[in-house]
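> Here the protein sequences come in this chain order: A and B. For the first sequence, this note's numbering assigns the number 1 to the initial residue and increments by one for each residue that follows. For the second sequence, this note's numbering assigns the number 1001 to the initial residue and increments by one for each residue that follows. Yeah, the Cβ is synthetic: ideal placement off N, Cα and C, and Gly gets one too.
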Amino acid sequence: DAGVIQSPRHEVTEMGQEVTLRCKPISGHDYLFWYRQTMMRGLELLIYFNNNVPIDDSGMPEDRFSAKMPNASFSTLKIQPSEPRDSAVYFCASSFSESDTGELFFGEGSRLTVL
Amino acid sequence: GNSVTQMEGPVTLSEEAFLTINCTYTATGYPSLFWYVQYPGEGLQLLLKATKADDKGSNKGFEATYRKETTSFHLEKGSVQVSDSAVYFCALTPNSGGSNYKLTFGKGTLLTVNP
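What follows is the structure, given as structure tokens:
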């Protein structure tokens, strides 16, 4: 089975532009997570979904960030407008509620650079 | 709240040296504990896990024992290889209700193994 697929792998944009990151979770997984990784703050959970419904978005830094999951096989994380401090690697991960613990399967990440 | 504290890196070892990366946690109830590994340019992947006190997780020569009395889950390997060079993350999920799948990560420890 294919793993979690993220796109784009790399994105360079200018401040003020809209950025959309995409994620396809593992088929059959019912949890989807968006994480952000920076040197300063490490890995931060931004938001997670269960059965396409957002459960906890307390980690979303501000209103410039939004996430959607229109169906079980697709999610987006949007930043509008982007700022240099948003530069980071954004990871999507998915998991299956029937597993014995909360093991997450991560994508390879989207590296965002905002100039 | 829940938190994970792991030893600061970077850690630099010679091949075949013994490795210990310390991890302690704070959590209510009975969390599940994990070590994830991130190889350069890749997403995180599960290395090992333990779901109850005194459990030992093991994989690829790595081991960690869930010690409830010391709230610790230290990672060890008897003889490291150059291919073990990566960032290692200790993590937990609380074992309660809807947040069961919300991993809390430590800040990561960079391990470099020299030939």
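What does E1042 of chain B reach in chain A if we use C-beta pairs closer than 9 Å?
The answer, in chain order, is F106, E108, G109.
> Less than 8 Å separating the beta-carbons of F1018 of chain B and G42 of chain A?
Their beta carbons are not under 8 Å apart, which means F1018 of chain B does not touch G42 of chain A by this criterion.
> Could you tell me which residues DSSP pairs with I1021 of chain B in its beta bridges?
Per DSSP, B:L1075.
> Can you give me, in chain order, the residues of the region 15-49 of chain A that have a beta carbon less than 9 Å from any beta carbon in chain B?
So the close ones are Y31, F33, Y35, Q37, R41, G42, L43, E44, L45, Y48.
> Check whether chain B comes within 8 Å of E62 of chain A, counting only Cβ atoms and requiring the distance to be less than that.
Not an interface residue.
> Give the residues of chain A in contact with Q1045 of chain B, contact being defined as C-beta atoms less than 9 Å apart.
Within 9 Å Cβ-Cβ: F105, F106.
> Determine the direct distance from the alpha carbon of E18 of chain A to that of F65 of chain A, and round the result to whole angstroms.
Rounded to whole angstroms, F65 of chain A to E18 of chain A spans 10 Å at the Cα level.
> Where does the unbroken beta strand (DSSP E) through Y1039 of chain B begin, and where does it stop?
No beta strand (DSSP E) holds Y1039 of chain B; DSSP gives it neither H nor E.
> Output the residue ranges of the beta strand (DSSP E) runs that lie fully inside the region 32-66 of chain A and measure 3 residues or longer, sorted by chain position.
The region 32-66 of chain A contains these whole beta strand (DSSP E) runs: 42-50, 53-56.
> Beta carbons nearer than 7 Å to chain B: which residues of the region 82-95 of chain A have them?
Here the close residues are F91, S95.
> State the beta-bridge partners of V114 of chain A as determined by DSSP.
DSSP lists A:T13 as partners of V114 of chain A.
> Do you know how far the Cα of Q6 of chain A is from the Cα of A116 of chain A?
For residue 116 of chain A there is no data in the structure shown, the boundaries of chain A being 1 and 115.
> So F74 of chain A is in the beta strand (DSSP E); what residue range does that whole segment cover?
Here the beta strand (DSSP E) through F74 of chain A covers 74-79.
> Listing by chain order, which chain A residues have their CB less than 9 Å from the CB of K1102 of chain B?
Within chain A, the residues near K1102 of chain B are F33, L45, Y48, I55, D56, G102.
> Sort out for me which residues DSSP pairs T1028 of chain B with in a bridge.
According to DSSP, T1028 of chain B bridges with nothing at all.
> List the residues of chain A whose Cβ lies closer than 8 Å to the Cβ of G1009 of chain B, in chain order.
Ordered by position in chain A, no residue passes the 8 Å Cβ test against G1009 of chain B, which lies about 12 Å from the chain.
> If you run the structure through DSSP and keep just helix, strand and coil, what is V4 of chain A?
It is coil, neither helix nor strand.
> Apart from the five residues on each side of it in sequence, which residues of its chain come closer than 8 Å, Cβ to Cβ, to P1010 of chain B?
The answer, listed in chain order, is T1109, L1110, L1111, T1112.
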